[in-house]
Amino acid sequence: MRTAQRIEILKTMDTRHTEHQDRSDSALQQRVDERTAELSQALAVVEAQKRELEHALRMRDEIQLQLEAELEDARLLHGISAMLVDEHNVGELFQKLVDAATLIMRSDFGSIQRYDEARGELQLIATRGLSDEAVSYWQWVHPGRATTCGHALLKSQRVVVPDFESWNDISGSDDLIAFRAAGVRAAQSTPLLTRSGRLVGMITTHWTRSHEPQERDLRLIDIVARQAADLIERNSAAEALQHHARKLVEADRYKDEFLATLAHELRNPLAPIRNGLAVLKIGKPEQAQRVLPMMERQLHHMVHLIDDLLDVSRISRGMVNLKRARVQLSAVIDSAVETSRPLISAANHRFTITLPGTAVWLNADMTRVAQIISNLLNNAAKYTPPGGDIELVAEVIGGEVVVRVIDSGIGIPAAMLPRIFELFTQVDGSAERSKGGLGVGLALAKRLAEMHDGSVDVESPGDKAGAVFTLRLPIMASTTNVADDDGSDGAPAKARALRILIVDDNEDAAETLSLLLQELGHVTSVVTEAPKAMAAALAFQPEIAVLDLGMPHLNGFDLARQLRAEPALRNTYLIALSGWGMEEDRARSRDAGMDHHLTKPVTLRDVEDALLKSIVAMGGGISKRS
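Structure below.
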């Protein structure tokens, strides 16, 4: 074989070998790449598992730390609860809550405030770390004041200030100066809310450095705040209960004292009345002139006591309507002095009156204003030793008249001055120095004065130094368009003889009224059983029927309606006579068809006035209700 052919064959073989080698290398490389990919994927899985394991380990550590923190918090709160349970002094409980708050918040100072609803402000009740000057300065905090608690009170939510120096709401204020002096740089205030959402106080912690509490700290302070709110609410409820209990005990004591005084005051006039009746029974005519005026005075005293009680009840219920008219001050004072003169004279007091030089007019209820002044004079007479001095001085100052009752009596202790106008209050209730009365006169005077847009005040230097009671009432700005009240009702001066039917289940009351009317020249018929009244009225044909209201089987209201429905009795003048004298009682009388209403016990003048009005009404041919 030629050399050239051999070379060509060798080249061909070499080429084929190279191609085969290339194919082998390619297959190997492919296998290497595939294996590398497999290893990379396996390594990625391992890396992912490693990261998951590391994350799980971190989570475990965080959960462990959180559990340890929560366990620490639970131990702390348990210790606080145990501390509070063991403490029974309310003040110490608040102090321990402040200590707990500062411990939880890792603060330098702390405070608890109670919300005073009456003032609308926060009152400091417990502190930790604050100086006496700071406590005094922030004793009361109003809503919106340049403090965290002031703003929390205004917003009803927590306020956190990490640095007072950068807080715009406090810049340039006196509170910032006070915080600097106290060493306070940051603070948080959390409202104390009851379970019903009512704000009862504030808990505040302070730091001497810039500081912003963590969420955990705020969560814990919320728990302490709830305990503090519950404590304040329970304490307030307990205080209210204790106050109510004290009031009940005091009211019970006042009731016993009042009943004892009432029994004493009613027995006083009853004793001479009973003695007077015994004297009259003996039958010596010459004694009647002495006994009857005495009995009348004592009866008047009893009626006055009862009227005072009724007046207090009416005023308390808002049932008194003033009958204002243009009245002259001098006439009012004359009426009051006439009422009080017997008591003043009986004690031989030296009594002087000083009035303004010109006429002074009031737009007032003359009877009620006279009652005010009379009560003040009576009080002075009772509590001034025999032979003392009593002055009544009236003068006009500005747009009001000032009436002073000045006495040289036993005086009023300073402790009694705030209570002197309360019901059933007496300056000296001792048996030796008690001057009588139920302790309602001054209370009545004050309330009547206030109804006239006036006031009654008292001053006294103290024991045995006398007292000055001052009545102030507005005077009339003008005397026009107000009719003078001369007390005239236009009635004729003399009543003619009348036929009068008396219906009252109280036989004694009915018979005595019948005797009185017969002495006045009238003809009477008495019925003590209301169901028999209609037949008696038809037989007697009365011009006037006097009906008791509170009768069994048939009350006076219903009887009046029956009489009004009978044509033969349609023009009979009906007068209600009852112990019920409230305005609503009078309204019921009018609704039942009554023409007039008298309140027991009645005086001779009351009866005569009623009869005169009946004649006027019947003479005019109409029934005039009054």
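First residue of the sequence shown: 1, per my numbering; consecutive thereafter.
In this text, a Cβ means the ideal position worked out from N, Cα and C, and glycines have one as well.
Note that this is a predicted model, so its numbers are computed, not measured.
For this session: Please work out which residues of its chain come closer than 7 Å, Cβ to Cβ, to G411, disregarding the five sequence neighbours upstream and downstream, and give them in chain order.
Result: Counting from one through the sequence shown, the residue named residue 411 turns up at place 411. Same-chain partners within the cutoff: S460, P461, G462, D463, K464, A465, G466 and A467.
Exercise. Shortest alpha-carbon distance to L473 belongs to which of L97, R447 and R234?
Worked result: For the purposes of this step, residue 473 is identified with residue 473 of the sequence shown, where counting begins at 1. Just measuring C-alpha positions, the residue of L97, R447 and R234 sitting nearest L473 is R447.
Problem set entry | Bounding residues of the beta strand (DSSP E) (the contiguous stretch that carries F421) | On the sequence shown, position 421 is the one that residue 421 refers to. In the DSSP annotation of this structure, F421 is not part of any beta strand (DSSP E), being labelled neither H nor E.
For this session: Give me the Cα-Cα distance between R234 and R114, rounded to the nearest whole angstrom.
Result: Within the sequence shown, residue 234 is the residue found at index 234, counting from 1. Within the sequence shown, residue 114 is the residue found at index 114, counting from 1. Taking the straight line from one Cα to the other gives about 13 Å.
For this session: Please go through the same chain and pick out, in chain order, the residues whose beta-carbon is closer than 6 Å to the beta-carbon of A134, but skip the five residues on each side of it.
Result: Stepping through the sequence shown from its first residue, residue 134 is reached at position 134. Result list for A134: A182, in chain order.
Exercise. Between the Cα of V616 and the Cα atoms of Q541, R496 and D548, which residue gives the shortest distance?
Worked result: In the sequence shown, the residue the question calls residue 616 occupies position 616. Each of Q541, R496 and D548 was checked against the Cα of V616, and the nearest Cα belongs to R496.
For this session: Within its chain, find whatever has a CB closer than 6 Å to the CB of A592; leave out the 5 residues flanking it on each side and keep chain order.
Result: The residue given as residue 592 occupies position 592 in the sequence shown. Correct list, in chain order: F557, A560 and R561.
Exercise. For the alpha helix (DSSP H) that M451 lies in, which residues bound it at each end?
Worked result: Stepping through the sequence shown from its first residue, residue 451 is reached at position 451. Unbroken alpha helix (DSSP H) run through M451: G441 to M451.
Exercise. Taking one C-beta from the region 159-176 and one from the region 107-127 each time, how about it: are there three or more such pairs within less than 8 Å?
Worked result: Taking 8 Å as the limit for Cβ pairs, the verdict is that the region 107-127 does not touch the region 159-176.
For this session: Answer with buried or exposed for R145, where buried requires no fewer than 16 other C-beta atoms within 10 angstroms of its C-beta.
Result: Sequence index remark: in the sequence shown, residue 145 carries index 145 (1-based). By the C-beta density criterion, R145 is buried, having at least 16 other C-beta atoms within 10 angstroms.
Exercise. Counting along the chain, where does the beta strand (DSSP E) carrying A325 start and finish?
Worked result: Translated into the one-based positions of the sequence shown, residue 325 becomes position 325. Under the DSSP assignment, A325 falls in the beta strand (DSSP E) whose first and last residues are A325 to Q328.
For this session: Report the partner residues of L192 according to the DSSP bridge assignment.
Result: The residue labelled residue 192 in the question sits at position 192 within the sequence shown. According to DSSP, which records beta bridges pairwise, L192 is partnered with G201.
Problem set entry | Status (buried if at least 16 other CB within 10 Å, exposed otherwise) for A493 | For the purposes of this step, residue 493 is taken as residue 493 along the sequence shown, with counting starting at 1. Model confidence at A493 stands at a pLDDT of 40, short of 50, so the residue's coordinates are unreliable; what they give is reported in the following sentence. The C-beta of A493 has fewer than 16 other C-beta atoms within 10 Å across all chains shown, which makes the residue exposed.
Exercise. Who are the near neighbours of N375 in its chain, counting only those whose CB is closer than 7 Å to its CB and skipping five residues on each side?
Worked result: Against the sequence shown, residue 375 aligns to sequence position 375. G441, L442, L444 and A445.
Exercise. Between P191 and I475, what straight-line distance do the alpha-carbon atoms span, to the nearest angstrom?
Worked result: Numbered from its first residue, the sequence shown carries residue 191 at position 191. Numbered from its first residue, the sequence shown carries residue 475 at position 475. Straight-line Cα distance between these residues: approximately 52 Å.
For this session: Would you list the residues sitting across from Y573 in a DSSP beta bridge?
Result: The sequence position of residue 573 within the sequence shown is 573, counting from 1. In the DSSP assignment, Y573 is bridged to I544.
Exercise. Does at least one heavy atom of the ligand NAP sit under 7 Å from the Cβ of G357?
Worked result: The ligand NAP is not part of the structure shown, which contains no ligands of any sort.
Exercise. Going by Cα to Cα distance, which pick from I104, E608, L574 and D365 is closest to Q214?
Worked result: Here residue 214 is taken as the residue at index 214 of the sequence shown, counted from 1. Residue I104 is the option with its Cα nearest to Q214.
Exercise. In whole angstroms, what is the alpha-carbon distance linking M59 and H211?
Worked result: Here residue 59 refers to the residue found at position 59 when the sequence shown is read from its first residue. Here residue 211 refers to the residue found at position 211 when the sequence shown is read from its first residue. Whole-angstrom Cα-Cα distance: 29 Å.
Exercise. Any idea what DSSP makes of R243, helix, strand or coil?
Worked result: Here the question's residue 243 lines up with position 243 in the sequence shown. Note that residue 243 is His in the sequence shown, not Arg. Helix at H243.
Problem set entry | T524 and L517 closer than 8 Å at C-beta | As a working mapping, residue 524 is identified with position 524 in the sequence shown. As a working mapping, residue 517 is identified with position 517 in the sequence shown. Yes, the pair counts as a contact, with Cβ atoms nearer than the cut-off.
Problem set entry | M13, DSSP secondary structure in three states | In the sequence shown, counting from the first residue as 1, residue 13 sits at position 13. Looking at M13 - three-state DSSP - the assignment turns out to be helix.
For this session: Could you tell me how far apart the beta carbons of L659 and P542 are, in whole angstroms, since I believe they sit closer than 8 Å?
Result: Residue numbering for the chain in the displayed model covers 1 to 626; residue 659 lies beyond these limits and cannot be assessed.
Exercise. Does DSSP classify A359 as helix, strand or coil?
Worked result: The residue given as residue 359 occupies position 359 in the sequence shown. DSSP places A359 in the coil class of the three-state scheme, outside both helix and strand.
Exercise. Should the region 146-156 be called in touch with the region 190-204, which here means at least 3 C-beta pairs below 8 Å?
Worked result: Segments in contact, yes.
Exercise. In terms of DSSP beta bridges, what is G409 paired with?
Worked result: Taking the first residue of the sequence shown as position 1, residue 409 is located at position 409. BP columns for G409 are empty, so no partner.
For this session: Using beta-carbon positions only, say whether I372 and A381 come within less than 8 Å of one another.
Result: Position 372 of the sequence shown, counted from the first residue, corresponds to residue 372. Position 381 of the sequence shown, counted from the first residue, corresponds to residue 381. No; because the gap between Cβ atoms is not below 8 Å, this pair is not in contact.
Problem set entry | Boundaries (first-last residue) of the alpha helix (DSSP H) holding H151 | Counting from one through the sequence shown, the residue named residue 151 turns up at place 151. Taken as a continuous stretch (DSSP letters only), the alpha helix (DSSP H) holding H151 covers T148 to K155.
For this session: Using the DSSP secondary-structure output, state which residues sit across from I502 in a beta bridge.
Result: Position 502 of the sequence shown, counting from 1, holds the residue named residue 502. Bridge partners of I502: V526 and V546.
Problem set entry | C-beta atoms of L329 and L292 nearer than 8 Å | The residue labelled residue 329 in the question sits at position 329 within the sequence shown. The residue labelled residue 292 in the question sits at position 292 within the sequence shown. Result no, Cβ atoms of L329 and L292 do not sit closer than 8 Å.
Exercise. If we call anything under 8 Å between Cβ atoms a contact, is I273 one with Q298?
Worked result: Locating residue 273 in the sequence shown gives position 273, where the first residue counts as 1. Locating residue 298 in the sequence shown gives position 298, where the first residue counts as 1. Yes.
Problem set entry | Q21 in three-state terms, based on DSSP | Locating residue 21 in the sequence shown gives position 21, where the first residue counts as 1. Helix.
Problem set entry | Assigned exposure category for G388 - 16 Cβ within 10 Å defines buried | Position 388 of the sequence shown, counted from the start, is the residue given in the question as residue 388. Classification of G388: buried, given that the 10 Å Cβ count is 16 or more.
Exercise. Going by the beta-carbon positions, is the gap between D108 and H243 smaller than 8 Å?
Worked result: Walking along the sequence shown from the start, residue 108 turns up at place 108. Walking along the sequence shown from the start, residue 243 turns up at place 243. Result no, Cβ atoms of D108 and H243 do not sit closer than 8 Å.
For this session: Return helix, strand or coil for I7, following the three-state DSSP convention.
Result: Mapped onto the sequence shown, residue 7 falls at position 7. Annotated three-state conformation of I7 is helix, per DSSP.
For this session: Could you say which of D609, E395, L513 and E165 lies nearest to N353 if we only look at CA atoms?
Result: Within the sequence shown, the letter at position 353 stands for residue 353. It is worth fixing the name first, because residue 353 is Ile in this sequence and not Asn. Proximity to I353 across D609, E395, L513 and E165 peaks at E395, based on C-alpha coordinates.
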